[in-house]
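Presented below is the structure to which this report refers.
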Amino acid sequence: MQDHSAALNAVRDPASLAMARDAVRLSLDWALAADAAITGRTDTAMHFIEYAPAETNEQSRARQRLAEARASLDAPQSITLDGRTRSVMAGAFFAMPYLTRAHVPSLTNDDEIVLGSFADPTMAGILPDMSQAAWRDEFLGEWPVVQTNAFAMDGYGFTAGGYALWQLTAEVGEHEEVAVSGPLTDSTVAWVETAFTGPGTLTFSWAVSSRARWNLLSVYVDGVRQAGSLWGEEAWGPRSLSLPAGTHTVRWAYVKNDNATMVMAGGALDMLEWVPSQTATTTTPVAVPYAWLDGFEGLVSGNDYESAASGDPDQDGRLTWQEYVAGSNPMDGASVFMATIAEENGQLTVGWTPDLGPARVYTVEGRSALGDPVWAPTNGASRFFRVKVQLP
Numbered sequence: 000m001q002d003h004s005a006a007l008n009a010v011r012d013p014a015s016l017a018m019a020r021d022a023v024r025l026s027l028d029w030a031l032a033a034d035a036a037i038t039g040r041t042d043t044a045m046h047f048i049e050y051a052p053a054e055t056n057e058q059s060r061a062r063q064r065l066a067e068a069r070a071s072l073d074a075p076q077s078i079t080l081d082g083r084t085r086s087v088m089a090g091a092f093f094a095m096p097y098l099t100r101a102h103v104p105s106l107t108n109d110d111e112i113v114l115g116s117f118a119d120p121t122m123a124g125i126l127p128d129m130s131q132a133a134w135r136d137e138f139l140g141e142w143p144v145v146q147t148n149a150f151a152m153d154g155y156g157f158t159a160g161g162y163a164l165w166q167l168t169a170e171v172g173e174h175e176e177v178a179v180s181g182p183l184t185d186s187t188v189a190w191v192e193t194a195f196t197g198p199g200t201l202t203f204s205w206a207v208s209s210r211a212r213w214n215l216l217s218v219y220v221d222g223v224r225q226a227g228s229l230w231g232e233e234a235w236g237p238r239s240l241s242l243p244a245g246t247h248t249v250r251w252a253y254v255k256n257d258n259a260t261m262v263m264a265g266g267a268l269d270m271l272e273w274v275p276s277q278t279a280t281t282t283t284p285v286a287v288p289y290a291w292l293d294g295f296e297g298l299v300s301g302n303d304y305e306s307a308a309s310g311d312p313d314q315d316g317r318l319t320w321q322e323y324v325a326g327s328n329p330m331d332g333a334s335v336f337m338a339t340i341a342e343e344n345g346q347l348t349v350g351w352t353p354d355l356g357p358a359r360v361y362t363v364e365g366r367s368a369l370g371d372p373v374w375a376p377t378n379g380a381s382r383f384f385r386v387k388v389q390l391p
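All residue numbers for the sequence shown refer to numbering that gives the first Met the number 0, where the first residue is 0 and numbers rise by one.
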């Protein structure tokens, strides 16, 4: 499985892999033959496969597994294990492309599997019927997972994770389009999170249905649990968090600590509203009003106004804060600030577009030749002109 180098890669060629496949086939043939040879013994001699001689069902299952493994070297086999049926072709392990770490899914720093991150869900053809969705079903409830871009609610994008995934549901009580935690087993957690750029105040409504003092719905800011978790039967109620300057991750986590089964067990979240304390950016050369940035759909993501003002979404070479000064549209590459020149009755007039009037300061500069070292304000005697725009 490791991408090593020289010694290991030396045997990764078609001829060597074919020899390895034949060796495995021969080993399985011997195992089946040895098992058959001692079938029927009633003494305590150890069978080739370690099961008690009297356990005929176990013996039959072991022989079936050996036969399936042998057959899967040459063609996909439908194999059922723990109630799940999968198509398996072990022979693909001995064929190119080689199975490497690049085939396994990504893990977070907390060893959570990132769903949808398989470069090849079939594991180089060993599991030919597997897909990203099939792996998702395999992992859920068995291993902690992470689903990026799980859903959007109230204008915010969420990442979900844990042993079950939060998801949107049509309604809970009088609330519509609500995020609810998924079903959990004993001693597991399901969480959902999003980010906000402070300072500001986050308000939301939440509810829980659980066993009192055992199963909790909590909110965390940057990994720190905040006071005031919910448990038992708590109807919808408001909660607010004040966040300082900077980008902060807010996570809602439902933890199940018992194995009691309830008709509706879990947490619910709705009515998120973020009110920034600031009204304009602070890291850009000019302060760009949040209201102006909000006027362009899709420009601001996750309430990160600073990044939005410093980006160039239309890729026209002008950053968003520069387009704010110029009065152009940061989402439209054809929207640019331009100097114009018009002739009327033999007179040339320099102008500009867009023209925001007294909301901006416009300066016409000129020079007699393009080779002149500097531009300077002009009274019209120049041959070349440009227009500079800035805030008052």
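The beta carbon of each residue, even a glycine, is placed where N, CA and C say it ideally should be.
Pair within 9 Å by beta-carbon distance, residue i and residue j
{"i": "Leu240", "j": "Gln225", "result": "yes"}
{"i": "Thr196", "j": "Gly345", "result": "no"}
{"i": "Ser228", "j": "Val220", "result": "no"}
{"i": "Leu126", "j": "Arg69", "result": "no"}
{"i": "Phe384", "j": "Gly365", "result": "yes"}
{"i": "Trp142", "j": "Tyr162", "result": "yes"}
{"i": "Tyr323", "j": "Val373", "result": "no"}
{"i": "Ala91", "j": "Ala123", "result": "yes"}
{"i": "Ala149", "j": "Leu164", "result": "yes"}
{"i": "Ser130", "j": "Ser116", "result": "no"}
{"i": "Gln166", "j": "Leu114", "result": "no"}
{"i": "Asp136", "j": "Arg85", "result": "no"}
{"i": "Gly231", "j": "Ala211", "result": "yes"}
{"i": "Val386", "j": "Ala338", "result": "yes"}
{"i": "Asp34", "j": "Leu65", "result": "yes"}
Length of the line joining the Cα atoms of residue i and residue j
{"i": "Asp354", "j": "Gly326", "result": "8 Å"}
{"i": "Thr282", "j": "Asp303", "result": "12 Å"}
{"i": "Val144", "j": "Asp28", "result": "39 Å"}
{"i": "Ile340", "j": "Gly294", "result": "31 Å"}
{"i": "Ala234", "j": "Gly266", "result": "10 Å"}
{"i": "Thr348", "j": "Thr362", "result": "14 Å"}
{"i": "Thr168", "j": "Asp119", "result": "31 Å"}
{"i": "Val103", "j": "Gln321", "result": "44 Å"}
{"i": "Pro13", "j": "Thr99", "result": "16 Å"}
{"i": "His247", "j": "Ser334", "result": "34 Å"}
{"i": "Trp213", "j": "Ala101", "result": "41 Å"}
{"i": "Asp313", "j": "Asn328", "result": "9 Å"}
{"i": "Pro391", "j": "Thr278", "result": "18 Å"}
{"i": "Gly222", "j": "Gly245", "result": "15 Å"}
{"i": "Gly350", "j": "Glu343", "result": "13 Å"}
{"i": "Gly160", "j": "Thr184", "result": "15 Å"}
{"i": "Asn56", "j": "Thr121", "result": "31 Å"}
{"i": "Arg24", "j": "Pro182", "result": "43 Å"}
{"i": "Thr352", "j": "Asp311", "result": "20 Å"}
{"i": "Gly82", "j": "Glu176", "result": "35 Å"}
{"i": "Thr187", "j": "Asn256", "result": "7 Å"}
{"i": "Ala393", "j": "Ala22", "result": "The structure shown does not extend to residue 393, since the chain spans only 0 to 391, so no value can be given for it."}
{"i": "Asp315", "j": "Gly332", "result": "5 Å"}
{"i": "Met95", "j": "Ile112", "result": "26 Å"}
{"i": "Val207", "j": "Ala61", "result": "47 Å"}
{"i": "Arg382", "j": "Leu369", "result": "9 Å"}
{"i": "Glu296", "j": "Met330", "result": "9 Å"}
{"i": "Met270", "j": "Glu173", "result": "12 Å"}
{"i": "Val394", "j": "Gly356", "result": "With the chain covering only 0 through 391, there is no way to say anything about residue 394."}
{"i": "Tyr155", "j": "Ser276", "result": "18 Å"}
{"i": "Phe157", "j": "Ala132", "result": "19 Å"}
Sequence-distant residues of the same chain with beta carbon closer than 6 Å to residue i, five excluded per side
{"i": "Phe93", "result": "Leu16, Ala19 and Arg20"}
{"i": "Trp251", "result": "Val191, Val218 and Leu268"}
{"i": "Thr389", "result": "Contrary to the premise, residue 389 reads as Gln rather than Thr in this sequence. Closer than 6 Å at the Cβ level, and outside the excluded window around Gln389, lie Val360."}
{"i": "Tyr253", "result": "Ser180, Ala189, Leu216, Gly265 and Gly266"}
{"i": "Gln76", "result": "Glu67, Ala70 and Val87"}
{"i": "Asp371", "result": "none"}
Contact set for residue i: own chain, Cβ-Cβ below 7 Å, skip 5 residues either direction
{"i": "Val274", "result": "Gly199 and Thr200"}
{"i": "Leu292", "result": "Leu298, Val299, Tyr304, Ala307 and Ala308"}
{"i": "Ala439", "result": "Because the chain here runs from 0 to 391, residue 439 falls outside it and cannot be looked at."}
With 16 other Cβ atoms within 10 Å as the buried cut-off, status of residue i
{"i": "Ala290", "result": "exposed"}
{"i": "Ser71", "result": "buried"}
{"i": "Gln63", "result": "exposed"}
{"i": "Arg317", "result": "buried"}
{"i": "Met152", "result": "buried"}
{"i": "Ser59", "result": "exposed"}
{"i": "Ala178", "result": "buried"}
{"i": "Ser209", "result": "buried"}
{"i": "Thr79", "result": "exposed"}
{"i": "Thr107", "result": "exposed"}
{"i": "Ala358", "result": "exposed"}
Residues near residue i in its chain [Cβ-Cβ closer than 8 Å; skip 5 each side]
{"i": "Arg238", "result": "Thr202, Phe203, Ser204, Trp205, Val218 and Gly227"}
{"i": "Ala375", "result": "Glu364, Gly365 and Arg366"}
{"i": "Glu272", "result": "Asp153, Leu201, Thr202 and Phe203"}
{"i": "Ala194", "result": "Thr246, His247, Thr248, Val249, Gly301, Asn302 and Asp303"}
{"i": "Thr319", "result": "Val287, Leu292, Leu298, Ala307, Ala308, Ser309, Gly310, Asp311, Pro312 and Pro329"}
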